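Let me begin by presenting the structure, written as structure tokens, before commenting on it.
Protein chains: 2
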Amino acid sequence: MEEIEEAERYEDYAVVLIAHGSKLPYNKEVLKELREMMERRGLFKTVRMAFMQLNKPSIDEVIRELVSEGMKNIVALPVFLANGAHTTEDIPNILRAVRKELAESGRKDVRIIYGEPIGADERIVDILIDRIKDAIG
Amino acid sequence: MEEIEEAERYEDYAVVLIAHGSKLPYNKEVLKELREMMERRGLFKTVRMAFMQLNKPSIDEVIRELVSEGMKNIVALPVFLANGAHTTEDIPNILRAVRKELAESGRKDVRIIYGEPIGADERIVDILIDRIKDAIG
């Protein structure tokens, strides 16, 4: 019952998972897997991935695509461990430009919400301890 | 009983949590908190933090310090979401130089184990969903 209510609560939301981007394939691979895992939770209308730099699709491309599909509530989430220049300056600047572009094209009904990075969390400690145990073998 | 056995298993290990480093304070703050959380688990002899660049202490400084304290089993763990040039080239190069330095000074009894980054994990998805819910409010 609680699960149904929760799914109803977020069913109009699209999520954009934003990563840094890299010349090597690993950053994109991990983001892709996280996206698939989150999509499988079935909580949001759709979950997409986007990259700040070096990989495609870009953040603005993905948001334009979601708007063209009729999404009005978009959560842009930085998949970063901690805040830094990318999450406090670069990504907000991109979102600001997209919001301006949408407003100028008459789409004032679209809301882009920006979230916080992962941060210090006991679940991260759990994962790190697993990685340490794996390394020790 | 199982907990006691586990603590005994890892009591001779020191852990070095390695982050990227940043001109802004957030990266160091998050690593500091993760270090404290892990120290509180009481699983390893000691847990230290180190930075690849921009912040102190550096990786080689921390490892030298641990060796001078008598630690012989050191796990160096990249606190990164995914592999990239930093985890596959930069940090391994630093560890290689430290291992060489230790071997040349006759400390062939010190073992430096390098671990894997966080990667795609359902617990990361759990955290990201919490951050999305917080952002929606």
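If you're matching them up, the sequences are chains A and B in order.
Residue numbering for the first sequence follows this note's numbering, beginning at 1 and increasing consecutively.
Residue numbering for the second sequence follows this note's numbering, beginning at 1001 and increasing consecutively.
Built from N, CA and C at the ideal position, the CB exists for glycine as well.
Just so you know, these numbers come straight off a predicted model, no measurement behind them.
Do residue j and residue i count as a contact pair if the criterion is CB distance below 9 Å?
{"i": "residue 21/A", "j": "residue 53/A", "result": "yes"}
{"i": "residue 62/A", "j": "residue 50/A", "result": "yes"}
{"i": "residue 1135/B", "j": "residue 94/A", "result": "no"}
{"i": "residue 127/A", "j": "residue 1123/B", "result": "yes"}
{"i": "residue 1015/B", "j": "residue 1048/B", "result": "yes"}
{"i": "residue 76/A", "j": "residue 59/A", "result": "yes"}
{"i": "residue 1120/B", "j": "residue 30/A", "result": "yes"}
{"i": "residue 115/A", "j": "residue 78/A", "result": "yes"}
{"i": "residue 1074/B", "j": "residue 1131/B", "result": "no"}
{"i": "residue 88/A", "j": "residue 1043/B", "result": "no"}
{"i": "residue 125/A", "j": "residue 1071/B", "result": "no"}
{"i": "residue 1017/B", "j": "residue 1035/B", "result": "yes"}
{"i": "residue 1045/B", "j": "residue 1090/B", "result": "no"}
With which residues is residue i paired in a DSSP beta bridge?
{"i": "residue 17/A", "result": "49/A and 77/A"}
{"i": "residue 1112/B", "result": "1074/B"}
{"i": "residue 58/A", "result": "51/A"}
Please tell me whether residue i has its Cβ less than 9 Å away from any Cβ of chain A.
{"i": "residue 1075/B", "result": "yes"}
{"i": "residue 1095/B", "result": "no"}
{"i": "residue 1072/B", "result": "no"}
{"i": "residue 1098/B", "result": "no"}
{"i": "residue 1082/B", "result": "yes"}
{"i": "residue 1045/B", "result": "no"}
{"i": "residue 1068/B", "result": "no"}
{"i": "residue 1092/B", "result": "no"}
{"i": "residue 1085/B", "result": "yes"}
{"i": "residue 1029/B", "result": "yes"}
{"i": "residue 1116/B", "result": "yes"}
Does the CB of residue i have a neighbour CB from chain B at under 9 Å?
{"i": "residue 41/A", "result": "yes"}
{"i": "residue 37/A", "result": "yes"}
{"i": "residue 88/A", "result": "yes"}
{"i": "residue 19/A", "result": "yes"}
{"i": "residue 33/A", "result": "yes"}
{"i": "residue 5/A", "result": "no"}
Could you list the residues in the segment 119 to 137 of chain A with a C-beta less than 9 Å from some C-beta on chain B, going in chain order?
119, 120, 121, 122, 123, 124, 125, 126, 127, 128, 129, 130, 131, 132, 133, 134, 135, 136 and 137
Could you please tell me which residues of the segment 1102 to 1113 of chain B, in chain order, have their CB closer than 9 Å to any CB of chain A?
1113
What are the residues of the segment 1054 to 1066 of chain B that lie near chain A, defined by any Cβ-Cβ distance shorter than 7 Å?
none
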